[in-house]
Every structure is written in structure tokens, then in C-alpha cells.
Amino acid sequence: AGRIEISNLSKSYGIFKALNDVSLTIEPGTVTVILGPSGSGKSTLLRTINHLERVDEGFIQIDGEYVGYRRKGHKLYELKEKAILKQRINCGYVFQNFNLFPHMTVLDNIIEAPIVHGLLNRKQAIERAYELLDTVGLREKANAWPRHLSGGQQQRIAIARALALNPKVMLFDEPTSALDPELVGEVLDVIKKLAESGVTLVVVTHEIGFARQVADRVVFMVEGAIVETGSAAQVLDNP
Ligand code: ADP
Ligand code: ADP
30 AGRIEISNLS KSYGIFKALN DVSLTIEPGT VTVILGPSGS GKSTLLRTIN HLERVDEGFI
90 QIDGEYVGYR RKGHKLYELK EKAILKQRIN CGYVFQNFNL FPHMTVLDNI IEAPIVHGLL
150 NRKQAIERAY ELLDTVGLRE KANAWPRHLS GGQQQRIAIA RALALNPKVM LFDEPTSALD
210 PELVGEVLDV IKKLAESGVT LVVVTHEIGF ARQVADRVVF MVEGAIVETG SAAQVLDNP
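Positions in the sequence shown are counted from 1; adding 29 to them yields the UniProt record's numbering.
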């Protein structure tokens, strides 16, 4: 599970078209890397998948269920809040700047969402949190405060937090762009590990080496449109 279908998506900010008729199907369990110059709409596309952004036209489905909007005839209808929330739970989102809750310990950051959404009780959530801390290699930081962690550690915790809802899809928006170069590898290693777990990954990044190693498919965007898709070699090595 975790098939994403994006159909004829358009989105403008004022008169500026950030997304211009974007269509893309992403198969379950695959890794898609989105490349393109700054301002080409990569982040906007990712945000629409999680309905952090409204669209003007087009729609998205995950496993056949609409995200944000559904089409009836020629009109788009926004989904009810409950349906949007359900899709958000299906989709983990990792931001460039980690966005951990600063007033909560690492453990509380991870257990918050599954408890609030009623997916796990406190005991189950804590158990799951320690599993995830093992996955990202930070069990010993359970009781630490986010501000006492390095950027790379904070981002690994942010990934663990997103995974706590057992999403079918994980969206990464330039997950290593805010990191010192020596910390990039530890975050990319965690994402590589996830790639083997069957979760569908969509990663916006400028890390070409990562794209070559891990991407099943590379999507190249320019000016709000997809101009090329294919294997990393096809997209990156062809003139
Ligand atoms: P990328 O991720 O490829 O750098 P973005 O999706 O962030 O591109 O942005 C695409 C374009 O849309 C940029 O030119 C940006 O300035 C513009 N944009 C993004 N968000 C907003 C917003 N909230 N209001 C106005 N313009 C925006
Ligand atoms: P169903 O899944 O049974 O179609 P919905 O809850 O999605 O039910 O919508 C019920 C009706 O309300 C739809 O037929 C649609 O016409 C209308 N509707 C849904 N969302 C909106 C909206 N954002 N604005 C206006 N009408 C809406």
C-alpha cells in the first residue's frame, strides 16, 4: 500500500503558477526523488500531497482515496476535516528544519501523535517509540531535549516521530538542507534504511549521490512542471 496518484494538479500564488498541470503516479514501496532548481514547485507539490497546501485544479489519491479534494463532475470539493486528517495520518512529513516540539522531550515528541489520534495507548506508544529510536539509532536520547541534540540527531528524531503513525507514505522536504555537511550522511542513512521497509518515499533533495543510490525514479521539475522522469541514470546522465 502507499500508491500515490497525482492528476492534473495546478496551483497559483496570485498570478504566479507554482504548479502547472502536474500528473504523476508513484507505485507503492518505491523511492521517488524530486529534483529541480529552487522555485520550481518541488516543495509545493510535496505539501499538496499532505494537504498542507490547497490546490486550484486537479486532485490526488492515495490508495484510491482522495486527498484534500474529490472530483464530482467538473467540480472539486474539499474533503471534510476528518477525511483530510485520516490522509495526513497515512502520510508522514519531514521538514527541512526538523520542527520538533521544543518544550517536549524526544520521547514525548514521538508518542504525542499516536496518542492524540487514538491509535495507541500511552504504554503502546512508548514501546513503539523505543523501537523507532532503535531504528534511527538514538535510544539513549529518549529523555533529552531537542535543543541539546545536533541537527542530524533532531532530524532523525523528526523521522521517528513521523513514523510513529505508521504511515504508508513518507514525504521528505529537503531533509538535509539545513544540516552541516558532516551530518548529512547520518540522516540519508536512515532514509535509505526506510527505503527497504516498504514505505513509499518521496524525497525532495539536492543530494544527487543519494538519488543515484536510492531512487527508483527521479522526477525533474522546472517552473512548476515535470519535464523529465526516469531512472537516476536516465535523468542525470543524458544531456
Ligand atoms: P521549490 O521547492 O522547488 O524551491 P517551491 O514549491 O517552494 O519551490 O516554490 C515554488 C514557487 O512558488 C516559488 O517561486 C515560491 O516563491 C512560490 N511560493 C511558494 N510558496 C508561496 C506562498 N505561500 N506564497 C507565494 N508564493 C509562494
Ligand atoms: P460522499 O462521500 O457521500 O459523497 P461527502 O461528505 O464527500 O459525501 O459530500 C457530501 C456532499 O456535499 C457531496 O455530494 C458534495 O456535493 C457536497 N460537498 C462536499 N464537500 C463540499 C464542499 N467543500 N463544498 C461544497 N459542497 C461540498
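Even glycine gets a Cβ: it sits at the ideal position worked out from N, Cα and C.
Assign residue i to one of two classes, buried (16 or more other C-beta atoms within 10 Å of its C-beta) or exposed (fewer than that).
| i | result |
| --- | --- |
| D202 | buried |
| residue 15 | Residue 15 lies beyond the residue range present for the chain, which begins at 30 and ends at 268; the question has no answer from this structure. |
| Y42 | exposed |
| V256 | exposed |
| L114 | exposed |
| Y106 | exposed |
| V145 | exposed |
| H80 | buried |
| S67 | exposed |
| S69 | buried |
| R176 | exposed |
| P131 | exposed |
| Q153 | exposed |
| F45 | exposed |
| A261 | buried |
| A30 | exposed |
| P102 | Inspection of the sequence shows that residue 102 is occupied by Gly rather than by Pro. G102 should be labelled exposed. |
| E236 | buried |
| K170 | buried |
Do you know whose CA, among the options, lies nearest residue i's CA?
| i | options | result |
| --- | --- | --- |
| A162 | L200, I78, P204 and V219 | Looking at the sequence itself, residue 162 is Leu, so the reference to Ala does not match. With distances taken between Cα atoms, L162 lies closest to V219. |
| L38 | E82, P66 and T61 | E82 |
| L230 | E56, K40, F127 and A254 | E56 |
| E86 | D92, H132 and G97 | G97 |
| R76 | I118, Y122, R99 and L53 | Y122 |
| D137 | I186, L53 and F124 | I186 |
| S52 | V248, K109 and L212 | V248 |
| N195 | K46, I139, R241 and S72 | I139 |
| Q116 | I33, S260 and V216 | I33 |
| Q242 | T258, G31, A30 and T61 | T61 |
| E211 | G181, V198, A191 and T54 | G181 |
| L217 | S260, Q184 and A193 | Q184 |
| T205 | I188, T234 and L178 | T234 |
| G259 | G31, A30, I44 and T54 | T54 |
| A254 | A30, L148 and L48 | L48 |
| Q215 | L149, F239 and V228 | According to the sequence shown, residue 215 is Glu rather than Gln. For E215, the nearest C-alpha among the options comes from F239. |
| L223 | K109, L208, K197 and T134 | K197 |
| E94 | V264, L74, A173 and C120 | C120 |
| A193 | A244, Q125, M250 and Y159 | Y159 |
| A189 | F127, V213 and V264 | F127 |
| D92 | I35, T73, E110 and G102 | I35 |
| S72 | G102, K170 and F124 | F124 |
| M199 | E110, G65, I78 and K40 | I78 |
| Q263 | E156, R246 and I118 | R246 |
| G147 | V251, M250 and I118 | I118 |
Determine the DSSP secondary structure at residue i, reduced to helix, strand or coil.
| i | result |
| --- | --- |
| L192 | helix |
| V228 | coil |
| D266 | helix |
| D137 | helix |
| L105 | strand |
| R32 | coil |
| L48 | strand |
| A244 | coil |
| F249 | strand |
| L38 | strand |
| T234 | coil |
| E169 | helix |
| E160 | helix |
| L53 | strand |
Only counting runs of 4 or more residues, tell me where the alpha helix (DSSP H) segments fall wholly within the region 63-124, in order along the chain. Counting only runs of 4+ residues, the alpha helix (DSSP H) found wholly inside the region 63-124 occupies 71-78 and 110-119, in chain order.
Ignoring anything shorter than 4 residues or poking outside the region 171-219, list the alpha helix (DSSP H) runs there in chain order. Whole alpha helix (DSSP H) segments, 4+ residues: 180-192.
If you measure from each residue's Cβ to the nearest non-hydrogen atom of ligand 1, which ones come out under 5 Å, in chain order? Cβ-based neighbours of ligand 1 within the cut-off: Y42, A47, S67, G68, S69, G70, K71, S72 and T73.
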